[in-house]
Amino acid sequence: MSTNRIDTTFQRLSENGQAAFVAYVCAGDPTPEASLDVIRSLADAGADIIELGVAFSDPQADGIVNQLAAERAINSGMTLAKLMELIREFRTTHETPIVLFTYLNPVYTYGYEQFHADAAAAGADGILMLDLPPDEIANNQELVTASGLKRITLISPSTPAARMQMLAEQSEGFIYALSRMGVTGAQAAPSESIGKLVASIKQHTDTPVCVGFGINTPEQAESVAKAADGVVVGSAIVNQVAEHTQSSELAEIIGQFTKPLIEASKNP
Numbered sequence: 015m016s017t018n019r020i021d022t023t024f025q026r027l028s029e030n031g032q033a034a035f036v037a038y039v040c041a042g043d044p045t046p047e048a049s050l051d052v053i054r055s056l057a058d059a060g061a062d063i064i065e066l067g068v069a070f071s072d073p074q075a076d077g078i079v080n081q082l083a084a085e086r087a088i089n090s091g092m093t094l095a096k097l098m099e100l101i102r103e104f105r106t107t108h109e110t111p112i113v114l115f116t117y118l119n120p121v122y123t124y125g126y127e128q129f130h131a132d133a134a135a136a137g138a139d140g141i142l143m144l145d146l147p148p149d150e151i152a153n154n155q156e157l158v159t160a161s162g163l164k165r166i167t168l169i170s171p172s173t174p175a176a177r178m179q180m181l182a183e184q185s186e187g188f189i190y191a192l193s194r195m196g197v198t199g200a201q202a203a204p205s206e207s208i209g210k211l212v213a214s215i216k217q218h219t220d221t222p223v224c225v226g227f228g229i230n231t232p233e234q235a236e237s238v239a240k241a242a243d244g245v246v247v248g249s250a251i252v253n254q255v256a257e258h259t260q261s262s263e264l265a266e267i268i269g270q271f272t273k274p275l276i277e278a279s280k281n282p
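Every number in the working numbering is 14 more than the matching position in the sequence shown, counting from 1.
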């Protein structure tokens with residue numbers, strides 16, 4: 015797969031000795047229009063990568079914060095067609111890489127290959143499918159031939175060594191390493207063993223490793239940035255969206271909340 019925005023972003027950050035800041039929000043939360051303003055605000059605040067959650071009615075790997083975000087998005091009329099339009103509109107003003115964070119069901123319903131093609135054409139750069147076992151890709155020709163998006167790999171602290179090697183070696187774009195076990199948004203600080211996990215992964219690949227789950231404060235972001243190539247913050251940002259859903263200044267509030275986290279990750 016040819017070089018895309020994700021690769022060039024990590025190359026630039028590496029040359030500057032900086033970690034990436036990956037910001038997660040659910041596409042369409044609280045409305046498709048407000049969502050566009052939010053992701054533009056995140057990009058303007060300095061987020062290096064935008065991770066867009068694809069609204070799904072049964073997000074079992076997510077905690078209550080992100081579940082409610084998906085529910086708000088669905089209730090506001092968010093669809094996959096509107097997701098593509100959201101990305102296209104964002105691309106008229108920004109070049110910040112976009113990674114789609116999704117479950118397999120919406121993608122497969124849309125058409126697996128077609129989704130990849132349409133999302134890439136709209137301006138998305140990568141995809142992380144939470145419930146698609148990487149082993150299955152090799153067993154299904156449709157999954158093998160789909161192209162256009164970097165396949166982001168997920169590795170957890172409980173991943174066995176042999177499987178970690180397999181996942182690391184087939185990784186693209188970046189690896190999303192979970193700082194701890196559990197669903198998204200659970201109220202727990204990142205594990206203190208992050209450095210060990212990142213080092214274990216890096217034995218098998220040169221792909222950048224970003225760490226997420228439980229990062230809520232600038233201090234935590236700074237700590238993670240010292241051990242990893244990137245910091246992923248999701249539920250803390252989504253929580254702000256939930257608290258200020260009705261505000262006419264939602265996008266500005268999200269940008270102001272996120273900026274200290276971004277700055278901390280850049281100066282570990």
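Quick reminder that beta carbons are idealized off the backbone N, C-alpha and C, glycines included.
My parser needs the beta strand (DSSP E) runs of 3 or more residues fully inside the stretch 228 to 256; what are they? 244 to 247
Selected residue, minimal CA-CA separation from Asp-62, among Ala-75, Tyr-38, Gly-125, Asn-119
Numbered from its first residue, the sequence shown carries residue 62 at position 48. Of the listed residues, the one whose Cα sits closest to Asp-62 is Tyr-38.
* Give me the Cβ distance between Leu-211 and Val-247, rounded to the nearest whole Å; I'm assuming they're in contact under 8 Å. => Indexing the sequence shown from 1 puts residue 211 at position 197. Indexing the sequence shown from 1 puts residue 247 at position 233. With a Cβ gap of about 18 Å, Leu-211 and Val-247 do not count as contacting.
Could you check the C-alpha separation between Ala-175 and Asp-145 for me, to the nearest Å? Numbered from 1 along the sequence shown, position 161 holds the residue referred to as residue 175. Numbered from 1 along the sequence shown, position 131 holds the residue referred to as residue 145. Each residue's alpha carbon lies about 20 Å from the other.
Under a Cβ-count criterion, where at least 16 other Cβ atoms within 10 Å of its own Cβ denotes burial, should Thr-167 be classed as buried or exposed? Residue 167 sits at position 153 when you count from the first residue of the sequence shown. Classification of Thr-167: buried, given that the 10 Å Cβ count is 16 or more.
| query | Quick one, are the C-beta atoms of Ala-87 and Gly-42 less than 8 Å apart? | reply | What you label residue 87 is simply residue 73 of the sequence shown in a count that begins at 1. What you label residue 42 is simply residue 28 of the sequence shown in a count that begins at 1. Yes, Cβ-Cβ distance for Ala-87 and Gly-42 is below 8 Å.
Grab the span of the beta strand (DSSP E) containing Met-98 for me, first residue to last. If you number the sequence shown from 1, residue 98 lands on position 84. Met-98 -> not in any beta strand (DSSP E); alpha helix (DSSP H) instead, spanning 94 to 105.
Query raised in the report: With a Cβ-Cβ cutoff of 8 Å, do Thr-107 and Arg-165 count as a contact?
Result: For the purposes of this step, residue 107 is taken as the residue at position 93 of the sequence shown. For the purposes of this step, residue 165 is taken as the residue at position 151 of the sequence shown. It is not a contact, given that the beta carbons lie outside the stated cut-off.
Top-ranked residue by Cα proximity to Leu-118, from Gly-162, Ser-170, Glu-127:
Translated into positions along the sequence shown, residue 118 becomes position 104. Per the Cα distances, Glu-127.
- Message: DSSP three-state label for Tyr-190, please.
- Response: For this step, residue 190 is matched to residue 176 along the sequence shown. The answer is strand: DSSP assigns Tyr-190 an E or B state.
Could you check if Val-255 belongs to the surroundings of the ligand FMN, using beta carbon to heavy atom distance under 7 Å?
This structure does not include the ligand FMN; it has no bound ligands of any sort.
*Pick from Ala-265, Lys-273, Lys-280, Ala-256: whose alpha carbon is nearest that of Leu-82?*
Sequence index remark: in the sequence shown, residue 82 carries index 68 (1-based). Closest by alpha carbon: Ala-256.
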